[in-house]
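Trainee: One structure, pasted below without further comment.
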Amino acid sequence: MGDRRNSSGRHMADQAQAADLPLSGLFTSAGPSDHLTTGPVASGSVASRVRASWQRSRSYGVSPEHVEPIFTGSLDTGSLLYECGLQVLEGLHATLAGEPVSLMIADRDGLVLTRLCNDRAINRSLDKVHLAPGFFFTERNAGTNGLGLSLADRAPTLVRGSDHYCSDLQGYTCAAVPVLDPLTGDLAGSVNLTTWADTSAELLLALAQSAASNTSHLMLLRATGGRPRPAPRGEVARVCSHVHSDSGDAAGTDGARSRAWNDAITAAERAMSAGQVVVVVGESGAGKSALASTARRRISHRERLLSVRPPAPEELESWLALWTPELRHADTCVLVAHVESLPAWSADELATALTDCRRQPGRPQGFVLTAADFASIPKGLRALVDTVVEAPPLRSRTDDILPLARYFARQERHREVVFTPMAIRALTTYHWPDNVTQLERVARQAAARTDIVDTRHLPPEVFSGTARPLNRLDSMKRDEIIRCLTEPGATVAQAAAKLGMGRATVYRKIAQYDIRLPGRAT
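So the sequence shown is numbered by the numbering used here: it starts at 71 and just counts up by one.
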């Protein structure tokens, strides 16, 4: 083991110098949990995260001696995560040729999709503990481990030898970093690097972070050629007349008249009045926070309402400390948004704080939650929920589309904006995958150009029904075709002439991009 570690150390030192990483303190033997290091970007006490993971492992009934294998016969090797992650790891693997480091990609459920390593000894050893493609490796079946903890906490994670829950795993050091979907910000999976427990650790985490970041950027390039989604910024804001949160939530009530929307508000209001803990679920941008705040305002106009949403993982401790004292105030209600994005450790802390502030039965609870769906809520918070109310997506409340569009246009233009019948038809027949958030952006962009919005003022996305993401070249082609077709009085023949295409080609492209223009049979 000594020779193997020294060889690994020399090669990793070269890599550290190439990457301008600090070399001091990298080559230390793994120690017990009280010597756990946080790594370059970890925040707070990683030891506390490991302790919380041990507690969860015990609650799951995980064996402290052995990993319980859970095998699946099918792997999604066609996913963007797999294709991009494999390309990144193959490059890293070539750089680390001969090193006893196993490089893995796992999906969001902890299913190992691929493993790259040329060292026979560590491959045989990892096979014995079922850390191999086709096996799940989460806290629920393997206890505390780097891969499982990175997925649970959605944060870069380094777990050394004795910090593993199962004794089978205490001969390894594991560094794992979550990979986020660059378009949605959702958890896509994890990059995991595993080596022997007596080899370098901090550099291992740095390499895992680089691989995860490169995977996410490559996923973005393959999907759209756009820019990465910015990291989440935490928010603590007082709600006045409207919810002060993201644009989709902020506008959910202005001019809303659909039965689906009002029925959902009534259901939330009744549950809150009965003293129940309510979670509002729904698609991104559907107006979950707006629905919850509107229902709460119907109960008490005088109550102080705070809206909070989680920041990036490294800022969670200070974010919790900032607003949780407000839970003690009887005249304050806290709306905690996007609880599904909370790492396991912070979700447990929040659940404890919320449990302590539970009001007397029959009185409105001092908090309301929102999430993408009930199943995605962390276990500790899920146990607090009494009632689930769904915020209907915008495509299910078409009566609200025009009033909301007019509201957003008026906010942008500072006067009334007219939508032509063709523009109205385009807006009300579009499926709005990003819901009210998308409608606000579209309405504001159109109103910034004119007082009378027609189809030519609307962005191309409103006329495309394709669900698959387009690359940059296809997007440019689609947008140009739509621009020509939406000019006043334009015909397909005229558009084809401007585009330098035959009419048959234009019709074929219309079908390919699922272009839908109001009043035109395409």
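We put the CB at the ideal spot given by N, CA and C, even for glycine. Since the model is a prediction, treat every value here as computed from it, not as a measurement.
#1: Use the C-beta contact count for residue 200: other C-beta atoms within 10 angstroms, 16 or more gives buried, fewer gives exposed.
#2: Taking the Cβ atom as the reference point for each residue, do residue 406 and residue 397 lie within a distance shorter than 8 Å?
#3: Could you tell me the alpha carbon to alpha carbon distance between residue 278 and residue 117, rounded to whole angstroms?
#4: Out of 253, 267 and 274, which has the shortest C-alpha to C-alpha gap to residue 294?
#5: Tell me the DSSP secondary structure of residue 377 in three-state form.
#6: May I have the straight-line CA-CA distance separating residue 234 from residue 355, to the nearest angstrom?
#7: Classify residue 135: buried if its beta carbon has 16 or more other beta carbons within 10 angstroms, exposed otherwise.
#8: So, are the CB atoms of residue 244 and residue 204 less than 8 Å apart?
#9: Along the chain, which unbroken stretches of the beta strand (DSSP E) at least 3 residues long are found entirely within the segment 424-485?
#10: I need the straight-line Cα distance from residue 139 to residue 227, nearest angstrom please.
#11: In the segment 361-424, which residue ranges form an unbroken alpha helix (DSSP H) of at least 4 residues, counting only runs that do not cross its ends?
#12: If I'm right that residue 377 touches residue 434 with Cβ under 8 Å, what's the distance once you round it to whole angstroms?
#13: Just checking my contact of residue 335 with residue 382 at CB under 8 Å: how many whole Å lie between their CB atoms?
#14: Tell me whether residue 371 is buried or exposed, calling it buried when 16 or more other Cβ atoms sit within 10 Å of its Cβ.
#15: Per DSSP, which residues does residue 248 bridge with? Please list them.
#16: Apply the 10 Å Cβ neighbour rule to residue 238 and answer buried if 16 or more other Cβ atoms are within range, or exposed otherwise.
#17: Could you check whether residue 183 and residue 147 sit closer than 8 Å to each other, using their CB atoms as the reference points?
#18: When we look at the beta-carbon of residue 484 and count the other beta-carbons within 10 Å, is it buried (16 or more) or exposed?
#19: Return helix, strand or coil for residue 141, following the three-state DSSP convention.
#20: Please go through the segment 563-588 and give each complete alpha helix (DSSP H) segment of 4 or more residues, from N-terminal end onward.
#21: Flag this pair as yes or no: are the beta carbons of residue 304 and residue 374 separated by less than 8 Å?
#22: Take residue 127 as the anchor and find which of 219, 412 and 157 has the nearest alpha-carbon.
#23: Do you know how far the Cα of residue 408 is from the Cα of residue 439?
#24: In chain order, what residues of the same chain lie with their CB nearer than 8 Å to the CB of residue 170, ignoring the 5 residues before and after it?
#25: Going by alpha carbons, who is nearest to residue 547 out of 557, 561, 563 and 530?
#26: Can you look up residue 549 in the DSSP assignment and give me helix, strand or coil?
#27: At the level of alpha carbons, what is the spacing between residue 247 and residue 256?
#28: Could you give the DSSP three-state label for residue 242: helix, strand or coil?
#29: Quick one: measure Cβ to Cβ for residue 528 and residue 493, integer angstroms, because I've assumed they're closer than 8 Å.
#30: Is it buried or exposed for residue 137, if we count other Cβ within 10 angstroms and need 16 for buried?
#31: I'd like to confirm the pairing. Which residues does DSSP put opposite residue 207 in its beta bridges?
#32: Can you tell me the Cα-Cα spacing of residue 20 and residue 441, whole angstroms?
#33: Would you please state the rounded distance, in angstroms, between the beta carbons of residue 349 and residue 458? I believe it to be under 8 Å.
#34: With H, G and I counted as helix, E and B as strand and the rest as coil, what does DSSP make of residue 645?
#35: If the criterion is Cβ atoms closer than 8 Å, does the pair residue 479 and residue 506 meet it?
#36: Leaving out five residues before and five after residue 557 in sequence, what residues of the same chain have Cβ atoms less than 7 Å from its Cβ?
Mentor: Reading it off the structure:
#1: Start at 1 with the first residue of the sequence shown, and residue 200 comes out as number 130. By the 10 Å Cβ count, residue 200 comes out buried.
#2: Locating residue 406 in the sequence shown gives position 336, counting from the first residue. Locating residue 397 in the sequence shown gives position 327, counting from the first residue. Cβ distance not < 8 Å, so residue 406 and residue 397 don't count as in contact.
#3: If you number the sequence shown from 1, residue 278 lands on position 208. If you number the sequence shown from 1, residue 117 lands on position 47. Cα-Cα distance, rounded: 20 Å.
#4: Taking the sequence shown and counting its residues from 1, the one referred to as residue 294 is at position 224. If we check each option's Cα against that of residue 294, 253 comes out closest.
#5: Taking the sequence shown and counting its residues from 1, one reaches residue 377 at position 307. Note: residue 377 maps to strand in three-state DSSP.
#6: Counting from 1 along the sequence shown, the entry for residue 234 is found at position 164. Counting from 1 along the sequence shown, the entry for residue 355 is found at position 285. Near 39 Å, if we compare the C-alpha coordinates of residue 355 and residue 234.
#7: Residue 135 sits at position 65 when you count from the first residue of the sequence shown. Classification for residue 135: exposed.
#8: As a working note, residue 244 is residue 174 in the sequence shown. As a working note, residue 204 is residue 134 in the sequence shown. Not closer than 8 Å, so no.
#9: 437-441 and 457-460
#10: Here residue 139 refers to the residue found at position 69 of the sequence shown. Here residue 227 refers to the residue found at position 157 of the sequence shown. One C-alpha to the other measures close to 22 Å.
#11: 386-393
#12: Taking the first residue of the sequence shown as 1, we reach residue 377 at position 307. Taking the first residue of the sequence shown as 1, we reach residue 434 at position 364. The pair is not a contact, with the Cβ atoms about 16 Å apart (cut-off 8 Å).
#13: Taking the first residue of the sequence shown as 1, we reach residue 335 at position 265. Taking the first residue of the sequence shown as 1, we reach residue 382 at position 312. Not really, about 32 Å apart at Cβ, beyond 8 Å.
#14: Position 301 of the sequence shown holds residue 371. Residue 371 should be labelled exposed.
#15: Taking the first residue of the sequence shown as 1, we reach residue 248 at position 178. Beta-bridge pairing links residue 248 to 260.
#16: The count along the sequence shown starts at 1 and reaches residue 238 at position 168. Residue 238 is buried by the Cβ-count criterion.
#17: Within the sequence shown, the letter at position 77 stands for residue 147. Within the sequence shown, the letter at position 113 stands for residue 183. The answer is yes: Cβ separation under 8 Å.
#18: Counted from its first residue, the sequence shown places residue 484 at position 414. Answer is exposed; the Cβ neighbour count stays below 16.
#19: Translated into the one-based positions of the sequence shown, residue 141 becomes position 71. Here residue 141 sits in strand by DSSP.
#20: 573-582
#21: The sequence position of residue 304 within the sequence shown is 234, counting from 1. The sequence position of residue 374 within the sequence shown is 304, counting from 1. Cβ distance not < 8 Å, so residue 304 and residue 374 don't count as in contact.
#22: In the sequence shown, counting from the first residue as 1, residue 127 sits at position 57. Nearest option by C-alpha distance: 219.
#23: Walking along the sequence shown from the start, residue 439 turns up at place 369. Walking along the sequence shown from the start, residue 408 turns up at place 338. When rounded, the distance between both Cα atoms is 8 Å.
#24: Position 100 of the sequence shown, counting from 1, holds the residue named residue 170. The answer, listed in chain order, is 74, 78, 187, 189, 191, 192, 265, 266 and 269.
#25: Sequence index remark: in the sequence shown, residue 547 carries index 477 (1-based). When only C-alpha atoms are compared, the closest one is 530.
#26: Taking the first residue of the sequence shown as position 1, residue 549 is located at position 479. Reduced to three states, the DSSP call for residue 549 is helix.
#27: As a first step, residue 247 must be located in the sequence shown, where it is residue number 177. As a first step, residue 256 must be located in the sequence shown, where it is residue number 186. When rounded, the distance between both Cα atoms is 14 Å.
#28: For the purposes of this step, residue 242 is taken as residue 172 along the sequence shown, with counting starting at 1. Looking at residue 242 - three-state DSSP - the assignment turns out to be strand.
#29: Counting from 1 along the sequence shown, the entry for residue 528 is found at position 458. Counting from 1 along the sequence shown, the entry for residue 493 is found at position 423. Confirmed, about 6 Å.
#30: Position 67 of the sequence shown, counted from the start, is the residue given in the question as residue 137. It counts as buried.
#31: Within the sequence shown, the letter at position 137 stands for residue 207. Residue 207 is not bridged to any residue.
#32: There is no way to answer for residue 20, as the model of the chain reaches only from 71 to 592.
#33: Along the sequence shown, read from residue 1 onward, the residue named residue 349 stands at position 279. Along the sequence shown, read from residue 1 onward, the residue named residue 458 stands at position 388. Between residue 458 and residue 349 the Cβ distance is about 6 Å, and since that is below 8 Å, they are a contact.
#34: Since the first residue of the chain shown is 71 and the last is 592, residue 645 is not available in this structure.
#35: To locate residue 479, count along the sequence shown from 1; it is residue 409. To locate residue 506, count along the sequence shown from 1; it is residue 436. Contact flag unset, no.
#36: In the sequence shown, counting from the first residue as 1, residue 557 sits at position 487. Excluding residues within five positions, the ones whose Cβ falls inside 7 Å are 526.
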